[in-house]
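The structure under discussion appears below in the form of structure tokens.
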């Protein structure tokens, strides 16, 4: 296990005066990431052309290799940068050669980034989209089996559900999809820095993640993994100038796509963001995702235990002292408008959480942890919550 005190001091100095439990919305940047991005901005202000050639291109290749290793992709060419999870999944949805009888299945409580791209294909002249009933706050194989048939072309899932923290059994559902030649698409933005993911063992065909949540990276930059064999059958509708063969011959208009995921290149990337993402991924590798997983699971279990003991209704699955981590969500003790006041009250005391609404519109409060949070912070938060109730 890593040294949490050293991590807090060296990489997350804000933790000295602030309890930050909102990583599932946007994470604070580690100090190494902040410094590297500042350095990159300075370089762009001096000689950006030389910077791109001597620093940017090697870093991009290094980042692809690091991300491939992080998720056990077979080839770094299966990794491509994207601006957001939404951008990646939308690009994929438009690149598949859909057939008239195809249908798509996903859980009824997916985050919009992994719902809207599929729903946009739904309609009398389009595809059938089937929403799977949520069980324990997310997608289960038993519920999915009730919606899948011989015409199911794709199943989309969140590795960790944004509202409840439900952890999808990617191994089980991936195997199910693989055996039936169903494409398996995973939104990993809440999970990539919290749980080990093996895209080959889990039979994941496409995995997409923005950078600003579990990877501890900057907003506006993330990545997409596309299995090479699948990529060769995809034809992106939005075609960037560096996504085609011989793209450096700019006036030779040739739409032949690059191999593997590189056909999804969208143009000049966010170089500063890529440098930041590279540093954050390096931190995750240094700490070890399995160690982060162990730590945040413990935090989630303790938070669930204490909230349940105080009589709060949990949206997060919690049984036998176990919680999926790193997200814990509980029913607000007050109504919708008053919950906003409660969240603001906590923020005024430097305890940062967020309100979410369940499908009927009931207010819940979500805590989301990361590698540097502590049990002491949970205890302090519970005291603040109890004081507010009084």
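In the working numbering, the protein residues as written are -4 to 385. In this text, a Cβ means the ideal position worked out from N, Cα and C, and glycines have one as well.
- Fewer than three Cβ pairs drawn from the segment 348 to 360 and the segment 212 to 222 lie within less than 8 Å of each other, which leaves the two stretches out of contact.
- Judged by DSSP secondary structure, residue 41 falls outside any alpha helix (DSSP H); it is assigned neither H nor E.
- Sequence-distant partners of residue 242 (beyond 5 residues in either direction) whose C-beta falls short of 8 Å from its own C-beta, in its chain, are 236 and 253.
- Between residue 28 and residue 211, the C-beta gap is smaller than 9 Å, which places the two residues in contact.
- The beta-carbon distance between residue 262 and residue 294, rounded to whole angstroms, is 40 Å. This is too long to meet the 8 Å contact definition.
- Burial is judged here by how many other beta carbons sit within 10 angstroms of a residue's own beta carbon; residue 207 has at least 16 and is buried.
- The beta-carbon separation of residue 66 and residue 203, rounded to 11 Å, does not stay under the 8 Å limit for a contact.
- Remark: C-beta atoms of residue 124 and residue 116 approach each other more closely than 9 Å.
- In this structure, the CA atom of residue 25 is about 26 Å from the CA atom of residue 340.
- Classified as buried, residue 31 has 16 or more neighbouring CB atoms from the shown chains inside 10 Å of its CB.
- Excluding five sequence positions before and after residue 137, the CB atoms of its chain that fall closer than 8 Å to its own CB belong to 130, given in chain order.
- Pairing residue 80 with residue 182 gives a Cβ-Cβ distance under 9 Å.
- Here the alpha carbon of residue 12 sits roughly 13 Å from the alpha carbon of residue 371.
- Taken atom to atom, the span from the alpha-carbon of residue 44 to that of residue 368 is near 40 Å.
- In the three-state scheme derived from DSSP, where H, G and I count as helix and E and B as strand, residue 143 is classed as coil.
- Rounded to the nearest whole angstrom, the C-alpha separation of residue 37 and residue 5 is 23 Å.
- Distance check between residue 164 and each of 98, 132, 109 and 302 places 132 closest, using alpha-carbon atoms only.
- The DSSP assignment places 136 to 140 and 165 to 174 as complete runs of the alpha helix (DSSP H) inside the segment 128 to 174, in order along the chain (cut-off: 4 residues).
- Shown here, residue 74 sits in a strand according to DSSP, grouped into three states.
- Residue 107 counts as exposed, since fewer than 16 other C-beta atoms from the protein chains shown sit within 10 angstroms of its C-beta.
- Exclusion of the five residues before and after residue 349 leaves 17, 20 and 361 as the residues of its chain whose Cβ lies within less than 6 Å of its Cβ.
- The criterion of a C-beta distance shorter than 9 Å is satisfied by residue 286 and residue -4.
- Ranked by how close their Cα comes to the Cα of residue 168, the residues 160, 149, 270 and 111 have 149 in first place.
- Note that the C-beta distance between residue 311 and residue 318 is below 9 Å.
- Within 10 angstroms of the beta-carbon of residue 198 lie 16 or more other beta-carbons, which makes it buried.
- As the crow flies, the alpha-carbon of residue 322 is around 40 Å from that of residue 49.
- Counting along the chain, the unbroken alpha helix (DSSP H) around residue 299 starts and ends at 284 to 304.
- In the three-state reduction of the DSSP assignment, residue 377 falls in the helix class, which pools H, G and I.
- Nearest to residue 121 by C-alpha distance, out of 299, 96 and 273, is 96.
- When beta bridges are read from the DSSP output, residue 102 appears opposite 127.
- Judged by DSSP secondary structure, residue 322 falls within the beta strand (DSSP E) whose first and last residues are 322 to 326.
- DSSP places residue 190 in no alpha helix (DSSP H); its state is neither H nor E.
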